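**Student:** This structure is in C-alpha cells; I'll ask about it shortly.
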Amino acid sequence: MQQKASCSKTAMEDIQLCANAAVGKAINEAIDWIVSDPAEQFLYKYPRECVVQANNRLKLTPVVNESASTSAKERQSSIRAVTETNANKRIDWFRIDEFSLHQLVQLVYDYLSMWRLTPNTQYQVHLEKDAVNEQPQGCTYCLSAYFSRHLQPELEQRRPLAMTKVNFKVHVSRLLPQFYPIMMTYRFENSNADYYALGRRRLRHLDFQRFFIDMALETKLGFYAQILKTIAFGNVQKKNRSADKHKEEREKRKELKSAVTTLCICAAKDSESRLTESSNGLETGTERQRKSDKESV
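Numbering (my numbering), first residue to last: 1370 to 1666.
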C-alpha cells in the first residue's frame, strides 16, 4: 500500500511539474511576444470604437463629434476633394479573418474621409511597390496617401502644385483572435511619430491631421510663391533693361541722324558757296575781256 501511494504521489508530482512547465513556457512565450511588440501593432486590446453590426461586420465609429467626408460623386473619382460635411461618419472596418488586399486602398480612402481637412485639399492613395512586409507576429501592408493643393490663381497664371505624403501601415496579426479588427497606423512627412487609427493610442479628435498637412503644404506653397515672385521681378527687370537699351539705341540713331543731317546741310552750303565763287570769277573774267575788246577798238 505504501509503495502504491508513493507511486501515485510521484505521478501526481510529475503531472504537476509538467503542467507548471507548460504554463511557465506559455507565460514566457506570451511575455516574449508582448515585449517584441511595444508599439501594440499586433497585440492590442479590442478597440471600443469598433462596433459589431447585425451582419457581423465591424463599424469604426468616431469617439467624439468629428466631421469631414467626400461627396458621393467625388468618392467615385481617384482624386477626392475634401469637404467638411457628414458629421459622425461611420465606416466599415475589416476583421482579421476577412482582410483582403484589393480592398485595402478603399479602406484608407474611407478612413481619410473622416478627417477634417482644409477645403480644396485633394488626396490620392497608392499601394507601395514593396507593400507586403512579413513578420513573426503578422503581416504589414504599406500604403501612401498624397495630399495636394494648388497655389492661389491670382498670384500667377502658372499654378504649381504642392504635395505632401502620409505613410500608412495596416497590420494583420497572427497572434490575436480572428474576430479582432485589423490595426492601422500612419506617419506624416518629416515626422517620427506613429499615429493610430483605432485602439487606446488613437487620438480622440480627427482634426489634428489638418495641422501637419497644412503646415507642409503652406510651407511649400510659400516657397513656390516666392520663386514665382522672384521670376516675375527678374522678368520686370529684364523688360526694364530691354526698354532702356531700346531707348538708348533710339537716342543714338536720333543723334546719328541729326549729325548726318547737319553734315549734309554744311556740305550743301559749302558747295553752294563754291558755285557762287566760281560764278563770280567767271563773270569777272568776261567783263575784263569786254573792257579789253573796247580798248583795242
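Even glycine gets a Cβ: it sits at the ideal position worked out from N, Cα and C. Nothing here was measured: the structure is a model prediction, and the numbers come from that model.
Less than 8 Å between the C-beta atoms of Pro1431 and Leu1567, yes or no?
**Tutor:** Along the sequence shown, read from residue 1 onward, the residue named residue 1431 stands at position 62. Along the sequence shown, read from residue 1 onward, the residue named residue 1567 stands at position 198. No; because the gap between Cβ atoms is not below 8 Å, this pair is not in contact.
**Student:** Just verifying my parser: in three-state terms, what is the DSSP assignment at Trp1402?
**Tutor:** For the purposes of this step, residue 1402 is taken as the residue at position 33 of the sequence shown. Trp1402: helix per DSSP, three-state reduction.
**Student:** Please say whether Phe1411 and Gln1506 have beta carbons closer to each other than 8 Å?
**Tutor:** The count along the sequence shown starts at 1 and reaches residue 1506 at position 137. The count along the sequence shown starts at 1 and reaches residue 1411 at position 42. In this structure, Phe1411 lies closer than 8 Å to Gln1506 by Cβ.
**Student:** Do Glu1497 and Cys1508 have their CB atoms nearer than 8 Å?
**Tutor:** On the sequence shown, residue 1497 is found 128 positions in, with the first residue counted as 1. On the sequence shown, residue 1508 is found 139 positions in, with the first residue counted as 1. The answer is no: Cβ separation not under 8 Å.
**Student:** Taking the continuous beta strand (DSSP E) assigned at Leu1427, which residues delimit it?
**Tutor:** Numbered from 1 along the sequence shown, position 58 holds the residue referred to as residue 1427. Its beta strand (DSSP E) spans residues 1427-1429.
**Student:** Is the beta carbon of Asn1502 within less than 7 Å of some heavy atom of the ligand SAM?
**Tutor:** Looking for the ligand SAM in the displayed structure turns up nothing, as the structure carries no ligands at all.
**Student:** Nearest-angstrom Cα distance between Phe1557 and Ala1388?
**Tutor:** Here the question's residue 1557 lines up with position 188 in the sequence shown. Here the question's residue 1388 lines up with position 19 in the sequence shown. Looking at the two C-alpha atoms, the distance is approximately 48 Å.
**Student:** Nearest to Ile1465 by CA position, among Gln1491, Cys1419, Gly1393, Ser1482, is which residue?
**Tutor:** Here residue 1465 refers to the residue found at position 96 when the sequence shown is read from its first residue. For Ile1465, the nearest C-alpha among the options comes from Cys1419.
**Student:** Span of the alpha helix (DSSP H) holding Gln1422?
**Tutor:** Position 53 of the sequence shown holds residue 1422. Per DSSP, Gln1422 belongs to no alpha helix (DSSP H) and is neither H nor E.
**Student:** Buried or exposed for Val1392, please, with buried defined as at least 16 other CB atoms from any protein chain shown within 10 angstroms of its CB.
**Tutor:** Your numbering for residue 1392 matches position 23 in the sequence shown. Exposed, because fewer than 16 other Cβ atoms sit within 10 Å of the Cβ of Val1392.
**Student:** Under the three-state reduction of DSSP, which class applies to Leu1572: helix, strand or coil?
**Tutor:** Indexing the sequence shown from 1 puts residue 1572 at position 203. In the structure shown, Leu1572 sits in coil (DSSP, three-state: anything other than H, G, I, E or B).
**Student:** I'd like to check one pair, Asn1489 with Arg1459: are the Cβ atoms closer than 8 Å?
**Tutor:** Here residue 1459 is taken as the residue at index 90 of the sequence shown, counted from 1. Here residue 1489 is taken as the residue at index 120 of the sequence shown, counted from 1. Their beta carbons are not under 8 Å apart, which means Arg1459 does not touch Asn1489 by this criterion.
**Student:** Which class does Arg1459 belong to by DSSP, given the choice of helix, strand or coil?
**Tutor:** Working through the sequence shown from its first residue, we reach residue 1459 at position 90. Correct three-state label for Arg1459: coil.
**Student:** Tell me, please, which residues DSSP counts as bridged to Cys1508.
**Tutor:** By one-based count along the sequence shown, residue 1508 stands at place 139. For Cys1508, which the question treats as bridged, DSSP gives the partners Glu1503, Val1541.
**Student:** At what residues does the beta strand (DSSP E) containing Tyr1549 begin and finish?
**Tutor:** The residue labelled residue 1549 in the question sits at position 180 within the sequence shown. Taken as a continuous stretch (DSSP letters only), Tyr1549 belongs to no beta strand (DSSP E), as it is neither H nor E.
**Student:** Please report whether the beta-carbon of Tyr1415 lies at a distance below 8 Å from any beta-carbon of chain C.
**Tutor:** This model lacks chain C altogether, as it is built from one protein chain only.
**Student:** What residue from Asn1397, Ser1542, Tyr1555 has the CA that sits closest to Tyr1415's CA?
**Tutor:** Against the sequence shown, residue 1415 aligns to sequence position 46. The option with the nearest alpha carbon to Tyr1415 is Ser1542.
**Student:** Assuming Ala1514 and Val1494 make a contact with CB atoms under 8 Å, what is their CB distance in whole Å?
**Tutor:** Taking the sequence shown and counting its residues from 1, the one referred to as residue 1514 is at position 145. Taking the sequence shown and counting its residues from 1, the one referred to as residue 1494 is at position 125. With a Cβ gap of about 5 Å, Ala1514 and Val1494 count as contacting.
**Student:** Got a sec? Which residues, its chain only, sit under 7 Å from Asp1583 by beta carbon, not counting five neighbours each side?
**Tutor:** Locating residue 1583 in the sequence shown gives position 214, where the first residue counts as 1. Thr1487.
**Student:** To which residues of the same chain is Leu1572 closer than 7 Å at the C-beta, ignoring the five residues directly before and after it?
**Tutor:** Within the sequence shown, residue 1572 is the residue found at index 203, counting from 1. So the list reads Tyr1564, once near-sequence residues are dropped.
**Student:** Assuming Val1421 and Leu1429 are in contact, meaning their beta carbons sit under 8 Å apart, how far apart are those beta carbons, in whole angstroms?
**Tutor:** For the purposes of this step, residue 1421 is identified with residue 52 of the sequence shown, where counting begins at 1. For the purposes of this step, residue 1429 is identified with residue 60 of the sequence shown, where counting begins at 1. Not confirmed; about 12 Å, so no contact.
**Student:** Restricting to runs no shorter than 4 residues, where is the alpha helix (DSSP H) found entirely within the stretch 1576-1601?
**Tutor:** Entirely contained in the stretch 1576-1601, not one alpha helix (DSSP H) run reaches 4 residues.
**Student:** Using alpha carbons as the reference points, say which of Gln1504, Ile1403, Ala1395, Val1477 lies closest to Thr1554.
**Tutor:** For the purposes of this step, residue 1554 is taken as residue 185 along the sequence shown, with counting starting at 1. Cα-wise, what sits closest to Thr1554 is Val1477.
**Student:** With which residues is Lys1534 paired in a DSSP beta bridge?
**Tutor:** Residue 1534 sits at position 165 when you count from the first residue of the sequence shown. Looking at the DSSP assignment, Lys1534 forms a beta bridge with Tyr1515.
**Student:** If you measure between the beta carbons of Arg1485 and Arg1570, is that distance less than 8 Å?
**Tutor:** Start at 1 with the first residue of the sequence shown, and residue 1485 comes out as number 116. Start at 1 with the first residue of the sequence shown, and residue 1570 comes out as number 201. No, these two residues do not count as a Cβ contact at 8 Å.
**Student:** Which residues does DSSP list as the beta-bridge partners of Tyr1565?
**Tutor:** In the sequence shown, the residue the question calls residue 1565 occupies position 196. Paired residues: Thr1554.
**Student:** Roughly how many angstroms lie between the CA atoms of His1615 and Gly1591, to the nearest whole one?
**Tutor:** Stepping through the sequence shown from its first residue, residue 1615 is reached at position 246. Stepping through the sequence shown from its first residue, residue 1591 is reached at position 222. Those two C-alpha atoms are separated by around 36 Å.
**Student:** Between which two residues does the alpha helix (DSSP H) containing Leu1481 stretch?
**Tutor:** The residue you call residue 1481 lines up with position 112 of the sequence shown. Unbroken alpha helix (DSSP H) run through Leu1481: 1473-1481.
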